[in-house]
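Peer 1: Residue numbers (my numbering): 82 to 205. Ideal Cβ placement from N, Cα and C applies to all residues, glycine included. If you're wondering where the values come from, they're calculated on a predicted model, not measured in any experiment. My questions will all concern the structure given below.
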């Protein structure tokens, strides 16, 4: 990594006040009695990060009724490997927000940008 990149990386990371916990799933050993294989969640972190929100108006079929679309992006260290579909819990201002990595991260020398999709549970 070039010295200039280290300076940029430190500057970018200085505004990361949120924390991300990565959750991946792997198969456990089969139960010797039943042969059933359970999927186990493995957590890593927390890692410093930052969430970015962007709200865009989206024109629908009827131009008079525009809707809003929100995109959420996670800024985090490029040293982490975050695959599409990884569950990510982000703690921000004392609240835990649940997301799933919605695509392949954009990787830069100083950070990576991960598109997120909300992973909440709805009771309705």
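Who pairs with residue 135 in a beta bridge, going by DSSP?
Peer 2: Against the chain shown, residue 135 aligns to sequence position 54. Per DSSP, 152.
Peer 1: Can you check which of these residues, 151, 119, 182, is closest to residue 164 by C-alpha distance?
Peer 2: Position 83 of the chain shown, counted from the start, is the residue given in the question as residue 164. The candidate whose alpha carbon is nearest that of residue 164 is 182.
Peer 1: Among 119, 162, 171, which residue has its Cα nearest to the Cα of residue 200?
Peer 2: Translated into positions along the chain shown, residue 200 becomes position 119. Ranking 119, 162, 171 by Cα distance to residue 200 puts 171 first.
Peer 1: Assign residue 101 to one of two classes, buried (16 or more other C-beta atoms within 10 Å of its C-beta) or exposed (fewer than that).
Peer 2: Indexing the chain shown from 1 puts residue 101 at position 20. Answer is buried; the Cβ neighbour count reaches 16.
Peer 1: Since residue 121 contacts residue 106 with CB under 8 Å, what's their CB separation in whole angstroms?
Peer 2: The residue you call residue 121 lines up with position 40 of the chain shown. The residue you call residue 106 lines up with position 25 of the chain shown. Confirmed, about 7 Å.
Peer 1: Helix, strand or coil, according to DSSP, for residue 88 in the structure here?
Peer 2: In the chain shown, counting from the first residue as 1, residue 88 sits at position 7. Helix, per DSSP.
Peer 1: Helix, strand or coil for residue 171 per DSSP?
Peer 2: Translated into the one-based positions of the chain shown, residue 171 becomes position 90. Residue 171 falls in the strand class under three-state DSSP.
Peer 1: Would you call the region 85 to 97 and the region 121 to 137 touching, i.e. three or more CB-CB distances under 8 Å?
Peer 2: Contact holds: three or more Cβ-Cβ distances are below 8 Å.
Peer 1: Taking its Cβ as the centre, do 16 or more other Cβ atoms sit within 10 Å of residue 186, making it buried, or is it exposed?
Peer 2: Along the chain shown, one-based indexing puts residue 186 at 105. Residue 186 sits buried, since 16 or more C-beta atoms from the chains shown fall within 10 Å of its C-beta.
Peer 1: Can you tell me which of the three DSSP states residue 93 falls into?
Peer 2: Numbered from its first residue, the chain shown carries residue 93 at position 12. In the structure shown, residue 93 sits in a helix (DSSP, three-state: H, G or I).
Peer 1: Using CA coordinates, which residue listed in 133, 198, 191 is at the minimum distance from residue 93?
Peer 2: Here residue 93 is taken as the residue at index 12 of the chain shown, counted from 1. The residue with the shortest Cα to Cα distance from residue 93 is 191.
Peer 1: What would DSSP say about residue 126, mapped onto helix, strand or coil?
Peer 2: Position 45 of the chain shown, counting from 1, holds the residue named residue 126. Three-state result, residue 126: strand.
Peer 1: Considering only the alpha carbon of each residue, which of 137, 115, 189, 196 lies closest to residue 153?
Peer 2: Locating residue 153 in the chain shown gives position 72, where the first residue counts as 1. Here the closest residue by C-alpha is 196.
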